[in-house]
Amino acid sequence: MIQLTRVRTVPPIHSNFFGAKRKQLNLELIKQKLKGELNEEGGNKWNSQIWKEAKEQLLIETHNKCAYCETPTSVVAYGDVEHFRPKSVYWWLAYCYENYLASCTICNQKYKKDKFELETPSKKLTGPSVTNSTTAAELIEVAAKLTPDPISDGEGMPFAQFEKDILGESALLLHPYHQNPAEFFAYEPILANKEVVVIPTNPNFNRMVKAAEDFYGINRQELMDLRFQAYIQYMTFRHVLSNQNLPANLLTACSNRLEEMRADFAAYAGMIRYFDTKDLSELPWDFNINLTGS
3 MIQLTRVRTV PPIHSNFFGA KRKQLNLELI KQKLKGELNE EGGNKWNSQI WKEAKEQLLI
63 ETHNKCAYCE TPTSVVAYGD VEHFRPKSVY WWLAYCYENY LASCTICNQK YKKDKFELET
123 PSKKLTGPSV TNSTTAAELI EVAAKLTPDP ISDGEGMPFA QFEKDILGES ALLLHPYHQN
183 PAEFFAYEPI LANKEVVVIP TNPNFNRMVK AAEDFYGINR QELMDLRFQA YIQYMTFRHV
243 LSNQNLPANL LTACSNRLEE MRADFAAYAG MIRYFDTKDL SELPWDFNIN LTGS
């Protein structure tokens with residue numbers, strides 16, 4: 003996982019998520035909540051066409067990778083618009099642009115689903131205080147300030163307040179738009195198993211890694227295998243570069259390949275950047291390692 007940057011301009015943000023349309027959609031959600039429609043199981047209570055308009059830009063911002071596992075999505079599937087805070091619980095964020103990121107179908111639909119865990123459950127955010135006695139004018143005012151407007155900060159909830167609220171909730175799941183995963187996640191190569199496992203940078207983050215395992219599948223076997231393949235390439239290039247007696251063009255080629263592996267668009271760039279912080283002697287290696295044999 004790498005840190006991501008949200009673009010907040012027009013274009014590319016779709017009109018669903020700012021200005022009058024944002025307020026309209028928020029008001030519709032509030033009215034649905036007051037009618038009890040959002041409490042029902044099943045049904046068509048959400049309009050998925052709303053958030054589908056965010057997908058193209060979200061994939062650009064994640065460099066066509068899953069925001070959670072960093073596996074490229076666009077080659078075999080288009081990926082999902084993931085509600086970081088599940089809409090079934092945080093109903094007022096169902097159409098909130100700041101609550102979206104792009105993920106692969108496996109991370110989203112097989113693992114995360116509607117799961118969301120807090121370090122301190124009592125810090126859970128609550129929705130707006132509205133009742134059937136709330137006037138129409140008051141509902142319009144609540145709808146306007148319910149979520150941030152990504153284009154005009156003064157139009158909705160101030161972004162600084164929104165970020166303070168969500169970070170104050172102390173979620174165990176990392177949000178790559180608001181937190182730097184490099185502060186929390188480290189990587190451990192295990193040559194005997196031909197795997198690279200995500201581990202915490204220090205014991206204080208054990209629960210966060212456990213949550214990522216449970217709700218993102220961050221250490222599912224397929225990911226550990228793919229990360230190890232990238233590790234093999236990385237270590238081969240680093241060892242070649244450690245021998246300055248080799249031809250200059252070979253050293254340049256290896257240096258270029260390493261630069262590509264740590265780039266935003268590269269699969270598992272977060273892992274490669276972590277290994278870049280280590281001296282070569284600190285990283286386990288066997289020149290005889292063979293992915294196809296024992």
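Start counting the sequence shown at 3; every next residue gets the next number (the numbering used here). Here a beta-carbon is modelled for each residue, glycine too, at the ideal position from N, C-alpha and C.
Residue i versus residue j - alpha carbon distance
| i | j | result |
| --- | --- | --- |
| Leu174 | Glu58 | 27 Å |
| Val198 | Leu103 | 25 Å |
| Lys117 | Ser131 | 24 Å |
| Trp287 | Met273 | 16 Å |
| Leu282 | Tyr189 | 15 Å |
| Leu61 | Asn247 | 42 Å |
| Tyr113 | Val91 | 17 Å |
| Arg24 | Asp155 | 13 Å |
| Glu2 | Met237 | The displayed coordinates of the chain run from 3 to 296. Any statement about residue 2 would go beyond what the structure contains. |
| Asn110 | Phe19 | 22 Å |
| Arg275 | Ile234 | 15 Å |
| Glu30 | Ile142 | 10 Å |
| Phe167 | Phe186 | It is worth fixing the name first, because residue 167 is Asp in this sequence and not Phe. In a straight line, the C-alpha of Asp167 is about 20 Å away from that of Phe186. |
| Pro160 | Pro183 | 25 Å |
| Leu6 | Glu165 | 15 Å |
| Phe217 | Val200 | 14 Å |
| Gly219 | Trp93 | 25 Å |
| Thr128 | Asn204 | 31 Å |
| Tyr270 | Asn134 | 50 Å |
| Ser202 | Ala255 | Note that residue 202 is Pro in the sequence shown here, rather than Ser. Pro202 and Ala255: Cα-Cα distance of roughly 33 Å. |
| Glu140 | Ile52 | 25 Å |
| Arg10 | Ile291 | 46 Å |
Exposed unless 16 or more other CB atoms sit within 10 angstroms - verdict on residue i
| i | result |
| --- | --- |
| Leu252 | exposed |
| Lys115 | exposed |
| Asp151 | buried |
| Lys89 | buried |
| Gly289 | Here the sequence assigns Phe to residue 289, which means Gly is not the residue at that position. Counting Cβ neighbours within 10 Å, Phe289 comes out exposed, since fewer than 16 surround it. |
| Asn221 | buried |
| Ala138 | exposed |
| Phe267 | exposed |
| Ala250 | exposed |
| Leu40 | buried |
| Lys54 | exposed |
| Lys280 | exposed |
| Pro13 | exposed |
Anticipated Cβ contact below 8 Å, residue i with residue j, distance rounded
| i | j | result |
| --- | --- | --- |
| Thr149 | Asn49 | Contact doesn't hold; Cβ gap of about 16 Å is too wide. |
| Pro178 | Ile15 | The pair is not a contact, with the Cβ atoms about 18 Å apart (cut-off 8 Å). |
| Ala96 | His85 | 7 Å |
| Leu225 | Cys71 | 6 Å |
| Gln26 | Lys47 | Gln26 to Lys47, Cβ: 17 Å. No contact. |
| Ala145 | Ile32 | 6 Å |
ask   = Should the region 110 to 121 be regarded as contacting the region 164 to 181, the criterion being three or more beta carbon pairs within less than 8 Å?
value = Segments in contact, yes.
ask   = Three or more beta-carbon pairs under 8 Å between the region 93 to 109 and the region 67 to 81, yes or no?
value = Cβ pair count under 8 Å is three or more, so yes.
task = Write down every uninterrupted run of the alpha helix (DSSP H) in the region 73 to 155 whose length is 4 residues or greater and which is fully enclosed by it, in chain order.
result = Counting only runs that start and end inside the region 73 to 155, the alpha helix (DSSP H) elements of at least 4 residues fall at 138 to 147.
request  = Can you check the region 161 to 225 for any alpha helix (DSSP H) of at least 4 residues that lies completely inside it and give the ranges in chain order?
outcome  = Qualifying alpha helix (DSSP H) stretches, in chain order: 161 to 170 and 208 to 217.
contact_flag[the region 239 to 246, the region 205 to 220] where n(CB pairs < 8 Å) is 3 or more = No, because fewer than three Cβ pairs between the region 239 to 246 and the region 205 to 220 fall closer than 8 Å, the two stretches do not touch.
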